[in-house]
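K.L.:
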Amino acid sequence: MKKVVIASMIVCAVFVCSLLVYAAAKPGFDDKEIRIAQWGPQTGPAAPWGSVARGSGLLFQMVNDEGGIHGRKIKYFIRDDQYNPAQTKAVVKELVEREGIFAFVGGVGAACGMAVKDYLAQNKIVWVAPSTAIDEYVFPVNPYIFAIYPLYDDEASILTKYAVEKLKAKKIAFFYQNDTYGKSGLKGCKSRMKALRMKLVEEISVEPGEKDLSSQMLRLKNSGADVVIMWVNPTSAAIALKTCSTIGFKPQWISSDTLSDYPLMNKITGGLWEGVITGMFGLATSSNDPRMIKYREAAKKYAPEERFGTFYTAGAMYAEPLVDALKRVGPKLSTEAFIKQLNATKNFQGIGPLINWSPKVHQGTDSIQITKCGPNSSYITLQDWTKNELATWKKK
C-alpha cells in the first residue's frame, strides 16, 4: 500500500513539475534565451520552399555569434508541416504548448497560415513576416501579425500591367493553385484586366500535389495565350513547363516572387526556366550589396551544405525586422513591448523592401521589382521597385 501511495505522490509531483515548466515556458523567453519558431515544408510537394525556414536560422546564428540581443541568445525551432494545413496546426500547437514560443517568423503556405493565425492570436503570440501574402492576415488589422510580403493581388496586378503595357500581350491566361495563395493572385490579375478593359482567355487551377497536368496545359495551348501568369508551387511549375515543352506550347511565362529562385527552378525544369519573368522583392543572391555579401560569408561559415538561393535568403529577410524590433525593445522584454516596437517600425530596409508598420497598418510594403531569368540562371532587372496604384488597402 505504501508503495502505491509513494508511486502516486511521484506521479503527482512529476505532473506538477510539468505544469510549472509549461507555465514558465509561456512567456517565450527568460534571462538567457528568446524562443522563436517557424513551420515550413521540409518534405512534400513544396519542399523547395523549405529553405526559407533554414534561412531565418542563418540570421539567428549570426545574431547569437555577435552576443545575442541584450544578453539573450535566440533559440530557434523549425518544424516540417509538409505544406499540409492539418500538420501545420499540429506542429504549431506542439511548439506553443510544449516549447513555449515567444514569436513565429516566416511560415510558408497561405492555407497553412490561415489554419493557425487565430490560434496564435488567441495565445497572444506575435507572428512576424508570414512567408505568404494574403488580405486575411492584415485586414482588418490583426494586432499579432506583421506582414512584409507584398500582397499577392498587388503583385499580380503589377505583373499583369507589365505584361500588357511592356510586353504588349493580347491574350493572357492564368494558371493557379486551388487555394488562398493561387486565388489571391487570380484576384489581382483580374482586377488589373478589368481596369484595362480586358478579359483572361483562360483561367485554370491545379491541386498542390497533382502530377498529371496534360489536360490543363492542352487547354492553355488551345486558348491561344501569348502570356501565361502562374501562381503555383515549384513542383507544379516544373511539371507545367515540361508538359508544355512536349506539346509545343511556348508562351511567355510570368510568375510571382514565389518562384524567383532561378538556379533552383532551372534545375528542376531541366533548363526551361530561362526567359521566365517573375516578381522580386529582395536583393538577388549575386548582389554585391554589403548586406548580401555578409549573408554569403555567414552561409559559408554556418551552413556550407546549403545552396545559397533566393528562398534561403528570403528566410533571413523575413527575420530582419523581428531582430531589429527586439533590439529596440531593450533588456526589459515582453510581448507588449515587442509589439510596441514593431508598430514603430519606420523605413526599415534589410535585403528586402522598405518596411513601415503602424498600429493601424500591418501590411509593411506594397512594392515589387520585376526580373527575368537570363543565361546561367542570372537575374536581369526589367523594372525597379513598383507600387500597385490600383491598391485599395492603403485607403482602409
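All the letters of the sequence shown, read from the start, carry residue numbers -13 to 382 under the working numbering. All C-beta atoms in this analysis are idealised placements derived from N, C-alpha and C, irrespective of residue type, glycine included.
Return helix, strand or coil for ASP275, following the three-state DSSP convention.
P.N.:
Of the three classes helix, strand and coil, the one that applies to ASP275 here is coil, per DSSP.
K.L.:
Suppose you measure from the CA of ASN362 to the CA of ASP17; what does that come to, to the nearest Å?
P.N.:
48 Å
K.L.:
Do TYR162 and TRP217 have their C-beta atoms closer together than 7 Å?
P.N.:
yes
K.L.:
By alpha-carbon positions, which one of PHE132, GLU83, MET100 and ALA302 ends up nearest to ASN109?
P.N.:
GLU83
K.L.:
Excluding five sequence neighbours on each side, which residues of the same chain lie with their C-beta closer than 6 Å to the C-beta of ALA97?
P.N.:
Counting only Cβ-Cβ distances below 6 Å, and skipping sequence neighbours, we find PRO71, ASP165 and THR166.
K.L.:
Beta-carbon separation of TYR123 and PRO129 under 7 Å?
P.N.:
no
K.L.:
Name the DSSP beta bridge partners of LYS358, please?
P.N.:
ILE263 and ILE366
K.L.:
Looking only at its own chain, which residues have a Cβ that is under 6 Å from the Cβ of ALA(-7), when we skip the five neighbours before and after it?
P.N.:
In this prediction, ALA(-7) has a pLDDT of 44, which is less than 50 and means its spatial position is unreliable; what the coordinates show is noted afterwards. Cβ within range, chain order: n/a, list empty.
K.L.:
May I ask you to report which of helix, strand or coil DSSP gives ALA223?
P.N.:
helix
K.L.:
Just the C-alpha distance for VAL94 and LEU269, rounded to the nearest angstrom, thanks.
P.N.:
Between the alpha carbons of VAL94 and LEU269 lies a distance of about 19 Å.
K.L.:
Take ALA119 as the anchor and find which of LYS253, PRO126 and TYR135 has the nearest alpha-carbon.
P.N.:
TYR135
K.L.:
To which residues of the same chain is ASN141 closer than 6 Å at the C-beta, ignoring the five residues directly before and after it?
P.N.:
A small correction: the amino acid at residue 141 is Glu; Asn does not occupy that position in the sequence shown. Here GLU141 has SER242, GLY265 and ILE354 as same chain residues with Cβ atoms under 6 Å from its own Cβ, once five neighbours each way along the sequence are excluded.
K.L.:
Which word fits GLU322, buried or exposed, when buried means at least 16 other C-beta atoms lie within 10 angstroms of its C-beta?
P.N.:
Counting Cβ neighbours within 10 Å, GLU322 comes out exposed, since fewer than 16 surround it.
K.L.:
Grab me the residues of MET303's own chain with a C-beta within less than 7 Å of its C-beta, minus the 5 sequence neighbours each way, in chain order.
P.N.:
GLY268, GLY336, ILE337 and GLY338.
K.L.:
Please return the same chain residues whose Cβ sits closer than 6 Å to the Cβ of TYR365, not counting the five positions on each side in sequence.
P.N.:
ALA270 and THR357
K.L.:
Report buried or exposed for ARG21, applying the criterion of at least 16 other Cβ atoms within 10 angstroms of its Cβ.
P.N.:
buried
K.L.:
Less than 7 Å between the beta carbons of GLN28 and GLY41, yes or no?
P.N.:
Against a cut-off of 7 Å, the Cβ pair of GLY41 and GLN28 comes out as no contact.
K.L.:
Considering just the uninterrupted stretch of the alpha helix (DSSP H) at VAL78, what are its terminal residues?
P.N.:
71 to 80
K.L.:
Rounded to whole angstroms, how far is the Cβ of SER191 from the Cβ of GLY168, which I believe are closer than 8 Å?
P.N.:
7 Å
K.L.:
TYR130 by DSSP, collapsed to three states: which one?
P.N.:
coil
K.L.:
Return yes when the Cβ of LEU227 is within less than 7 Å of the Cβ of LEU199, no when it is not.
P.N.:
no
K.L.:
Thinking C-alpha only, which one of LYS280, PRO307 and GLU306 is nearest PHE294?
P.N.:
LYS280
K.L.:
Go ahead and pull the three-state DSSP assignment for ALA23.
P.N.:
strand
K.L.:
Taking ALA107 as the reference, which of GLY86, GLU375, ILE87 and ILE131 has the closest Cα?
P.N.:
ILE131
K.L.:
Candidates ILE233, GLN349 and LYS147: which alpha carbon is nearest GLY174's?
P.N.:
LYS147
K.L.:
Identify, in the order they occur along the chain, each residue of the same chain with its Cβ nearer than 8 Å to the Cβ of SER143, setting aside the five sequence neighbours on each side.
P.N.:
GLY174, CYS175, SER177, ARG178, ASN374, LEU376 and ALA377
K.L.:
Cα separation between PHE63 and CYS359?
P.N.:
33 Å
K.L.:
Starting from TYR105, trace the alpha helix (DSSP H) both ways and give me its first and last residue.
P.N.:
96 to 108
K.L.:
What first and last residue would you give for the alpha helix (DSSP H) that runs through GLN202?
P.N.:
Its alpha helix (DSSP H) spans residues 200 to 209.
K.L.:
With a CB to CB cut of under 6 Å and the five nearest residues on each side skipped, what residues in its chain are close to ASP275?
P.N.:
Hits under 6 Å: LEU269.
K.L.:
How is TYR162 classed by DSSP in three states: helix, strand or coil?
P.N.:
strand
K.L.:
Between the Cα of GLY57 and those of ALA224, TRP343, LEU319 and THR229, spot the shortest distance and give me the residue it belongs to.
P.N.:
LEU319
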